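Accompanying notes for the structure given below.
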Amino acid sequence: MGAEPDVLNPEGPTLTGAGSLYTDGEWIWREDLAHYVTKYHVALPADFLAHVRALNHVAPEVPERRLIEIASEDLGIKMN
Numbered sequence: 218m219g220a221e222p223d224v225l226n227p228e229g230p231t232l233t234g235a236g237s238l239y240t241d242g243e244w245i246w247r248e249d250l251a252h253y254v255t256k257y258h259v260a261l262p263a264d265f266l267a268h269v270r271a272l273n274h275v276a277p278e279v280p281e282r283r284l285i286e287i288a289s290e291d292l293g294i295k296m297n
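According to our numbering, the stretch in the sequence shown is residues 218 to 297, in order.
Right under this line is the structure:
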């Protein structure tokens with residue numbers, strides 16, 4: 218977790234948790250996504266919204282193996 222400036226308003230407040238990521242095993246999003254949706258009405262992909270609704274707005278528990286796969290394949294983080 219870190220603190221970073223608002224990417225749409227760098228002169229605005231610093232956002233805590235901006236470097237944190239969430240996943241449900243399929244999608245990956247930043248912790249501060251809600252800030253941008255609420256403040257700037259950032260549009261989200263229709264596929265993402267349909268997926269969230271299908272899960273009743275609750276992210277499932279993601280197995281560690283899948284988290285490692287996401288980190289290495291999708292995010293390019295080297296895992297031992």
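Ideal Cβ positions, reconstructed from N, Cα and C, are used throughout, including at glycine.
Just so you know, these numbers come straight off a predicted model, no measurement behind them.
- In the structure shown, leucine 250 falls within a helical segment according to DSSP collapsed to helix, strand and coil.
- In the DSSP assignment, aspartate 264 falls outside any beta strand (DSSP E) and lies within the alpha helix (DSSP H) extending over 263 to 271.
- Secondary structure of isoleucine 245 (DSSP, three-state): strand.
- In its chain, beyond the 5 residues on either side, Asp241, Gly242 have a beta carbon closer than 8 angstroms to the beta carbon of proline 277.
- Taking 8 angstroms as the cut-off, the Cβ atoms of serine 237 and glutamate 221 do not count as close.
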